[in-house]
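Report on one structure; see the data block that follows.
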Amino acid sequence: MILRADQTGPVINPNLYGHFAEHLGRCIYEGIWVGEDSPIPNTRGIRNDVVAALKNLNIPVLRWPGGCFADEYHWRDGIGPREKRPAMINTHWGGVVETNHFGTHEFFDLCEQIGAAPYVCGNVGSGSVQEMMEWVEYMTSDANSPMANLRRANGRDQPWKLPYFGVGNESWGCGGSMTPEYYSGEYRRYNTFVKNYSGNKIQRIACGSNGADYNWTEVLMKNVGARMMNGLSLHYYTLPTGNWRKKGSATDFDEPAYIATLVNTLKMDELITRHGAIMDKYDPDQKVGMVIDEWGIWTDVEPGTNPGFLYQQNSLRDAIIAALNFNIFHRHAGRVTMTNIAQTVNVLQAMILTDKEKMLLTPTYHVFEMYKVHQGATSLPLALSTPDYECGGKKIPAVSVTASRAPDGKIHLGLVNANPNTPVTVTCTLAGLTAKRAAGRVLTAPAITSINTFDAPAAVAPKPFHGAALSGETLTLTLPAKSIVTLELE
Ligand code: AHR
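Following this note's numbering from start to finish, the sequence shown increments by one per residue and tops out at 671.
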């Protein structure tokens, strides 16, 4: 392998490490919001343990309130005294009653507590243009205007900064079953009334494609284009089986299922390449960012849990999936400007699982923490030759690597050995760099199915890595089987 420390690639937008928290199952309620009267320690109703864990990830941006929920959410129901807020049915996610106790003020409070920029997704599917326009005024206007005064009456004098706004979610599906032609028209109409108030400048994100629906991207780029949008989303979930009816277990899987899942996750590279090529055709200056605002592994729910709550465990396999995806995102750091893992707590590929007052960090959490050094760093080109990892007739590269130079000059590597059976030794020529020190951490576990539980919450956790050696311009390191290694070179 050659690491070109004498060359530079694009800057890795910190927003590639974004998150997504929806009113779904136990993500918002219990996972984040416990209410001011809860025995679980909280600050203004938001649980302190979860905030502390999330702060440690330097989350750059948080998307809310959905997801499918966004297109049935009416923001006025989530403001004012909580006991007076009307409830609603969360039709997409379990048909449960949503109290609206977590609304706009609580969301911005959460963002302030964890230090993330807010990304709000508006309701195109069942809301009106006026409703969306007034929400933006409510959140961002400093004027003596009806919505700004309503916000003040609800206890918030200063407007919030709102840098990112989504005009609908999955408008091809749960957001309204629209064709790309119809949605383009709707986007243009709704977006016209998403105003920049009081110096706030909104980056507008249009609903993008469902996986490999390249026609959606083509139509949006043609009919909307860089003049009217700053970002176009892409949703792609890794399904172990590729079958939505029987996705596969989060914890009970064998090696053929493991490699099949990795094959599916690596499709992200092709999706970005092909959607990116269409975007380049209409937007050669890359003004429109590709915003992968939903990604991650989606398995069957944990046995015995509400199928509408999308609660799944998180194994070493998920950590490997997270790292492989980050390595892909970094490779496309010019076009991809934001990604948001689905979802932050208790839903799909979560960072954190909670059980009432208990909380654990998942293997995926640790990858987000180990990789956070890449946020805002300059990617470095590298040439890698890797052995294959083969199982059950399927084959993928065993090793995946990313590298970047942080603003303080330190170089960071992220390496994955996806082979669950054998270590791999990587010899790397450091072109243009003589490093004196290589220090790192490794995340691995006895099995690809290893998980953290409330009884053993640190079964899968990073440990110091001692497998690297420097000699002049050569770095040699041995990656344990099924591992993620991060390395800092000075
Ligand atoms: O993340 C769960 C759901 O997946 C989201 O609500 C929706 O946008 C997608 O289909």
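We treat Cβ as the ideally placed atom computed from N, Cα and C, and that holds for glycine.
Cβ-based burial, residue i [other Cβ within 10 Å; buried from 16]
| i | result |
| --- | --- |
| residue 601 | buried |
| residue 278 | exposed |
| residue 481 | buried |
| residue 200 | buried |
| residue 536 | exposed |
| residue 353 | buried |
| residue 308 | buried |
| residue 270 | exposed |
| residue 683 | Given that the chain is displayed from residue 182 to residue 671, the structure contains no residue 683 and the question cannot be resolved. |
| residue 423 | exposed |
| residue 316 | buried |
Beta-carbon proximity of residue i to residue j, cut-off 8 Å
| i | j | result |
| --- | --- | --- |
| residue 438 | residue 421 | yes |
| residue 191 | residue 504 | no |
| residue 667 | residue 622 | yes |
| residue 251 | residue 303 | yes |
| residue 568 | residue 661 | no |
| residue 450 | residue 478 | no |
| residue 476 | residue 508 | no |
| residue 501 | residue 579 | no |
| residue 489 | residue 214 | no |
| residue 206 | residue 287 | no |
| residue 182 | residue 542 | no |
| residue 212 | residue 231 | yes |
Contacting residues, own chain, Cβ-Cβ under 8 Å from residue i (five flanking each side not counted)
| i | result |
| --- | --- |
| residue 459 | 395, 398, 399, 402 |
| residue 382 | 344 |
| residue 558 | 192, 193, 585, 586, 587, 588, 593 |
| residue 654 | 610, 611, 612, 614, 615 |
| residue 272 | 253 |
| residue 532 | 200, 234, 235, 238, 522, 525, 526, 542, 543, 545, 546, 549 |
| residue 608 | 182, 655, 656, 657 |
Contacting residues, own chain, Cβ-Cβ under 7 Å from residue i (five flanking each side not counted)
| i | result |
| --- | --- |
| residue 471 | 413, 415, 453, 456, 457, 460, 516, 517, 518 |
| residue 365 | 400, 401, 404, 405 |
| residue 444 | 575, 577 |
| residue 310 | 370, 371, 374 |
| residue 289 | 299, 341 |
Spatial neighbours of residue i in its chain, beta-carbon cut-off 6 Å, leaving aside the 5 residues before and after
| i | result |
| --- | --- |
| residue 320 | 341, 343 |
| residue 390 | 397, 398, 415 |
| residue 246 | 204, 254 |
| residue 584 | 184, 561, 563, 594 |
| residue 659 | 604, 606, 648 |
| residue 282 | 263 |
| residue 332 | 319 |
| residue 511 | 193, 560, 583 |
| residue 651 | 616, 619 |
beta-carbon residue i near ligand 1 non-hydrogen atom, thresh 7 Å
| i | result |
| --- | --- |
| residue 250 | yes |
| residue 416 | yes |
| residue 292 | no |
| residue 650 | no |
| residue 493 | no |
| residue 523 | yes |
| residue 399 | no |
| residue 483 | no |
| residue 253 | no |
| residue 247 | yes |
| residue 355 | yes |
| residue 529 | yes |
| residue 279 | no |
| residue 205 | yes |
| residue 350 | yes |
| residue 475 | yes |
Beta-carbon separation (whole angstroms), residue i vs residue j, contact threshold 8 Å
| i | j | result |
| --- | --- | --- |
| residue 221 | residue 335 | 25 Å between Cβ atoms; not a contact. |
| residue 524 | residue 202 | 6 Å |
| residue 528 | residue 208 | 4 Å |
| residue 322 | residue 378 | 4 Å |
Cβ of residue i within 8 Å of any chain D Cβ
| i | result |
| --- | --- |
| residue 569 | Absence of chain D from the displayed structure is noted, only one protein chain being present. |
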